[in-house]
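Numbering (mature numbering (1 follows the signal peptide of the UniProt record, and there is no 0)), first residue to last: -21 to -1, 1 to 265.
All C-beta atoms in this analysis are idealised placements derived from N, C-alpha and C, irrespective of residue type, glycine included.
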């Protein structure tokens, strides 16, 4: 009886010890900066995106600077695997999945060019397993897609200068072709890594309006395989809410009620023009 009680006590102790060991789980993210901030204006941040919809934004919770050898390091919590981002002086941004990889990156750092042109670099993460291999693959395809867009824009400009109607007509379809190609590549990656939690990263590149079936089936697969993956459930909920909201304002549906003041401060609503034709001109807030 004493032996059984002792065995049970040891088993319970081991379970408790294991639980506490997991609670402090971290991974290490290291980097080397080629051109560090010599003027000490910027820091290197570790954070993640929080919030929903238009309120979703990057929130930093740790910061650091490079050492004498231009290296930096972060300890990243990994009790609950999730996506994080490192921002190097706000010039270079690296998304990654924190679970079991100790990641290293080499980044450019400060933009030393005299003429600065927005063209985000491709940053390869070293020492990665499948979850971050996926992010490497997606980012590579996204980088190549961006370079193609630049080349297409330049070709369209030249076509316009040439006044060649055939060339101009052809170039008008180039962006659509580039999008279609990117979409196919992302779908290939999703199929390749369909059993990895970080496939959520690739799913963000799809539109539920065009690829709703693939999105939903992928999310259902994830939630079945990883019941504790709240990110997959949250993503599915977000898509379902977007679908429901879009259905409310579809062609033929009653317009939602809202009111805004005119230049004189008087509020007007679509219902004030019931039975009449009404044109509403929306301007982007940015």
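Alpha helix (DSSP H) segments (min. 4 residues) lying fully within the segment 112 to 155: Complete alpha helix (DSSP H) runs here, min 4: 144 to 151.
Runs of alpha helix (DSSP H) lying entirely within the segment 169 to 251, each at least 4 residues, in chain order: Qualifying alpha helix (DSSP H) stretches, in chain order: 178 to 182, 187 to 204 and 209 to 227.
Would you mind giving the Cβ-Cβ distance between residue 136 and residue 118, rounded to the nearest angstrom? I have them listed as a contact below 8 Å. Rounded, the Cβ-Cβ distance is 27 Å, inconsistent with contact.
Look at the Cβ atom of residue 127, then the Cβ atom of residue 157, and state whether they are nearer than 8 Å. Residue 127 places its beta carbon less than 8 Å from that of residue 157.
Residue burial classification, residue 256 (beta-carbon count within 10 angstroms, cutoff 16): Using a 10 angstroms sphere on the CB of residue 256, the tally of other CB atoms stays under 16, which defines it as exposed.
Could you pull the DSSP bridge partners for residue 56 from this structure? Residue 56 pairs with 5.
Inter-stretch contact at 8 Å, needing at least 3 Cβ pairs: the segment 81 to 93 / the segment 140 to 147: No contact exists between the segment 81 to 93 and the segment 140 to 147.
Would residue 23 and residue 80 be called neighbours here (beta carbons separated by less than 8 Å)? No, they are not a contact pair.
Quick check on residue 248: buried or exposed, where buried means 16 or more other Cβ atoms within 10 Å of its Cβ? Using a 10 angstroms sphere on the CB of residue 248, the tally of other CB atoms stays under 16, which defines it as exposed.
Is residue 45 near residue 8, with beta carbons less than 8 Å apart? It is not a contact, given that the beta carbons lie outside the stated cut-off.
Leaving out five residues before and five after residue 42 in sequence, what residues of the same chain have Cβ atoms less than 8 Å from its Cβ? Around residue 42, the same chain offers 22, 23, 24 and 25 as residues with beta carbons nearer than 8 Å, after the five sequence neighbours per side are excluded.
What is the DSSP secondary structure of residue 33, counted as helix, strand or coil? Residue state, collapsed to three classes: helix.
For residue 246, does the count of other Cβ atoms within 10 angstroms reach 16, so buried, or fall short, so exposed? Exposed is the call here.
From 73, 254 and 231, residue whose alpha carbon lies closest to that of residue 122: Of the candidates 73, 254 and 231, the one whose C-alpha sits nearest the C-alpha of residue 122 is 73.
When 237, 40 and 166 are compared against residue 191, the one with the closest alpha-carbon: From the listed residues 237, 40 and 166, the smallest Cα separation to residue 191 is found for 166.
Give me the residue from 27, 208, 114 and 148 with the minimum Cα distance to residue 65. Residue 65 has its Cα closest to that of 27, out of 27, 208, 114 and 148.
How long is the line joining the alpha carbons of residue 91 and residue 125, rounded to whole angstroms? Between the C-alpha atoms of residue 91 and residue 125 there is a straight-line separation of about 21 Å.
So, are the CB atoms of residue 153 and residue 169 less than 8 Å apart? Not closer than 8 Å, so no.
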